[in-house]
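6 is the number of the first residue of the sequence shown in the numbering used here; add one for each residue after it.
Backbone N, C-alpha and C fix where the C-beta goes; we use that ideal spot for every residue, glycine too.
Step one of this worksheet: look at the structure below.
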Amino acid sequence: MLTDRHCIDSYKLKNVIVDPQLSTIGGAKVEPKAMQLLGLLVEKQGSLCLKKEIIDELWPRQIIGDDVITKLVFVLRQALGDDAKSPIFISTITKRGYVLMVPAKPLKTISFSIVVLSTLPVLLMFAWMFWPSASTSLHYEVIRSKPITHKEGVTYDYALGEHFDGYFYQREGNTQLIISHPNNTEQVAISDKWQKRSLEIVGNTLFYIRFNLAKYQIVKHRLGEAIKVLVERDKAIYSLAFDEDKQALVFNQYEHNASTVLQQYSFISDTVQRYSMPKGISVDKIYQPYFHSRLNTLYFVGVDGQTPTIYGLKNDQITGKINGFSKVTAISSGIHIDNLLVAGTYRQMQGIWSVSLKSNVIMPVYSHAGSEVTDMTFDAAQKLIYYSFLESRVDLKEVSLDGEVNVFSMLNSTLMETTARYSSDSKSIYFISNRRGDFELYGYNIHSKQVSQLSTLQANSIRYYSISNDNRYAAIVYSKELIYLGVIELESGRLIRSVALDDVKYPLAWSNDGRYIYVSEHKKNVALYLYDALNLNIVDVSQKKGLVAYEVADKEVITFDYLSSRFVLYDFKTKQNRFLSEPVSNHGILSPDNAYADSGYAVLSYQDGIQKVISQYTLSNVASKRKQVILGQWSSSGNVQSYSVDRRSTLLSDRGNITNGNVVALQIK
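Structure (structure tokens):
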């Protein structure tokens with residue numbers, strides 16, 4: 006057993022050789038702090054090493070957040086080939102610390118002073134031959150973090166230019182385009198109500214997307230001249246990327262049923278055409294296009310179902326795939342040509358990551374504590390990573406139609422609370438949270454202000470759920486290694502049954518007798534399914550329906566018909582529709598999260614500029630009795646989750662105070 010963590014002798018953990026002198030684990034170079042942490046775990050092997058002990062040992066007299074320790078543990082697990090969910094080497098004791106579960110065995114050593122100098126060049130040569138990606142391409146040492154902006158608002162999309170840099174600044178409904186000059190002065194290029202994103206700078210010209218509720222535009226903005234609209238669509242445009250010689254812009258655009266496609270605008274012909282995709286790429290959503298100029302390769306994120314994959318595309322051929330990320334918010338070239346930088350979530354950890362294009366090995370670069378990195382770019386000449394962040398905390402609040410806000414101080418944690426539902430009597434609130442690490446279903450008693458955990462899924466995410474009419478069960482769609490539809494007994498938290506899905510679906514409602522679950526799909530297909538609640542088999546399906554479900558009689562359900570754009574009463578037995586509303590506009594932007602229906606009314610919420618608007622539809626099979634009224638509107642960044650029984654209040658998930666979202670620069674050694 007080893008007892009001196011500061012020794013320079015090598016040792017083994019199972020079959021993995023650890024060399025403290027070379028700071029290598031299994032031959033791969035790791036940062037010194039990670040090696041110090043491993044030494045501390047070795048000293049206490051088999052016993053709990055508290056987070057406080059780690060901080061006191063590695064960062065004496067400093068204030069350090071848990072995320073820094075989490076990053077180092079992640080580095081160790083990567084090097085050891087360990088898995089956080091089924092650990093062999095390092096076990097996590099939630100909220101307390103870590104335990105090294107295997108003994109450290111010393112290797113047979115020779116006199117260090119005689120051997121090291123003669124063998125070191127050989128060891129370094131072998132490290133270069135066998136682990137080049139780990140030792141050269143992947144490692145980034147951040148030596149300084151410097152805030153670039155200090156504004157009371159949200160700054161984002163920092164873009165690098167030859168003569169100046171630029172970024173967007175959003176506050177109180179206005180979005181400004183800010184130019185940052187080399188002499189540290191700034192100027193406002195434009196300020197208006199258009200929302201903006203995806204800034205690119207070429208010479209003295211800026212290209213970006215601007216949009217409102219009605220239209221999306223790609224614009225060319227040369228300083229001192231009028232803005233020119235290059236592309237205009239009534240469907241969402243998300244992000245831009247230039248091709249190799251700046252003769253075309255690649256962008257991703259919403260198509261239908263929540264799918265997106267790549268399009269290409271040619272500056273030469275002033276035309277738009279669909280970007281050619283080779284065989285082997287079958288995805289229903291494409292986003293974050295990025296052109297790597299040194300590799301002449303287009304990278305983008307493709308999502309098939311729920312799992313994102315980063316693709317490389319060159320000369321109509323796939324050059325590689327990168328898997329493992331659950332979310333990707335930005336892609337950039339790295340300091341080495343065979344390296345990408347990716348902002349996103351990997352193994353439930355948010356941050357900036359270094360990815361080897363040769364081996365697909367992924368290593369952490371930086372994690373902004375308690376925040377989500379929303380975009381990122383790399384200045385290779387200055388060795389600076391610029392990134393924007395927003396607070397990742399999501400809270401629940403109740404808003405009445407007259408604008409009164411009730412913040413649930415006893416319900417909300419410092420992490421995420423979302424997908425909230427009133428109980429049938431409006432005395433309780435169901436919601437999803439990751440307050441204990443994994444995502445679970447919780448309940449909140451409005452009177453006693455007590456929170457209780459209702460599930461034990463240990464899910465990576467929970468997409469949607471529906472509570473049975475007797476409040477005994479929940480139908481829930483969640484993800485672990487796959488996407489599942491399950492049924493939970495609320496009193497015990499027990500998962501009674503589950504079935505794997507090929508795509509995300511939405512359990513909208515239970516039948517009145519509890520025998521069936523109405524489930525809709527909105528991605529590869531748009532349909533309303535009837536599931537047997539006992540065995541989760543599909544009993545029936547109706548195409549082009551969904552969004553809401555409310556059973557009024559046996560297998561007769563109020564839902565939304567996408568062919569007629571109306572709310573209808575659909576009978577699964579006779580396959581007949583009865584119209585209950587006039588056509589609804591803009592239904593393509595709606596999802597089950599912002600729709601509600603009962604026997605007499607349907608309620609939809611949508612964003613109109615900076616206002617959140619709630620519209621109520623009186624449902625009737627008599628055309629003269631159908632009405633649409635605005636129930637209320639208010640300024641809010643939240644997403645509507647649920648409506649009270651009397652429709653006088655709504656639950657919102659809100660990112661809370663996001664006014665401290667700014668741009669930060671990381672100096673790389």
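Would you decide whether residue i is buried or exposed? Buried here means 16 or more other CB atoms lie within 10 Å of its CB.
| i | result |
| --- | --- |
| A607 | buried |
| G86 | exposed |
| L71 | According to the sequence displayed, residue 71 carries Asp and not Leu. That one is exposed. |
| A464 | buried |
| H452 | exposed |
| S429 | exposed |
| S654 | buried |
| R468 | buried |
| E526 | buried |
| V668 | buried |
| K110 | exposed |
| L657 | buried |
| L125 | Reliability of the predicted coordinates at L125 is poor, the pLDDT of 33 falling under 50, and the value obtained from them is presented with this limitation in mind. Looking at its Cβ environment, which holds fewer than 16 other Cβ atoms inside 10 Å, L125 is exposed. |
| G666 | buried |
| R477 | exposed |
| A39 | buried |
As a quick exercise: from the options, pick the residue whose alpha carbon is nearest that of residue i.
| i | options | result |
| --- | --- | --- |
| T507 | W515, Q269, S484 | The sequence given here places Asp at residue 507; Thr does not occur at that position. Closest by alpha carbon: S484. |
| S203 | D197, Q222, Q192 | Q222 |
| L182 | T276, D162, L77 | D162 |
| K630 | Q672, R653, E587, A602 | E587 |
| D289 | L303, I315, E260 | E260 |
| V524 | D518, N582, V553, K34 | V553 |
| I437 | L462, A164, A505 | L462 |
| K319 | F330, D309, H297 | H297 |
| I367 | E377, Y351, T97, E146 | Y351 |
| L624 | L574, S418, S649 | L574 |
| K326 | V333, K332, Y316 | Y316 |
| R215 | A253, M40, V234 | V234 |
| K454 | G408, N439, N417 | N417 |
| L362 | G208, G349, T324, G329 | T324 |
| K220 | A241, V73, Y213 | A241 |
| Y648 | Q269, E403, R227 | E403 |
| T190 | T154, Y213, T210 | T154 |
| A514 | F330, Y470, R440 | Y470 |
| R101 | D14, K17, T382, T75 | T75 |
| R176 | Q192, W199, H168 | W199 |
| I93 | T99, A84, M106 | M106 |
| Q387 | L53, N20, E167 | E167 |
| Y243 | R227, T265, D250, G229 | T265 |
| K164 | Y392, I522, I195, Y511 | Residue 164 is actually Ala in this sequence, not Lys. A164 has its Cα closest to that of Y392, out of Y392, I522, I195, Y511. |
| T424 | P512, I501, C54, S359 | P512 |
| D248 | V347, L267, S372 | L267 |
Tell me the DSSP bridge mates of residue i?
| i | result |
| --- | --- |
| N257 | S244, L267 |
| R571 | D566 |
| T655 | V404, Y648 |
| P313 | V308 |
| G551 | F565 |
| A602 | A607 |
| H226 | L211 |
| Y292 | V306 |
| R202 | I214 |
| R238 | Y221 |
| A348 | A335, I357 |
Determine the contact status of residue i and residue j, defining contact as a CB-CB distance below 8 Å.
| i | j | result |
| --- | --- | --- |
| V80 | V47 | no |
| S28 | L671 | no |
| K560 | K580 | no |
| E377 | D400 | no |
| T379 | L395 | yes |
| P294 | F305 | yes |
| L300 | I342 | yes |
| K549 | V531 | yes |
| Y270 | A253 | yes |
Measuring only between beta-carbons, confirm whether residue i sits less than 8 Å from chain C.
| i | result |
| --- | --- |
| S596 | As a matter of chain content, chain C is missing from the structure shown, which is built from one protein chain. |
(message) Three or more C-beta pairs under 8 Å: does that hold for the stretch 428-435 against the stretch 443-462?
(response) yes
(request) Determine contact between the stretch 559-578 and the stretch 481-501, defined as no fewer than three beta-carbon pairs at a distance below 8 Å. (result) no
(message) Does the contact criterion of 3 or more C-beta pairs under 8 Å hold for the stretch 328-344 versus the stretch 271-289?
(response) no
(message) If contact is defined by three or more beta carbon pairs under 8 Å, each pair taking one atom from either stretch, is the stretch 407-415 in contact with the stretch 175-193?
(response) no
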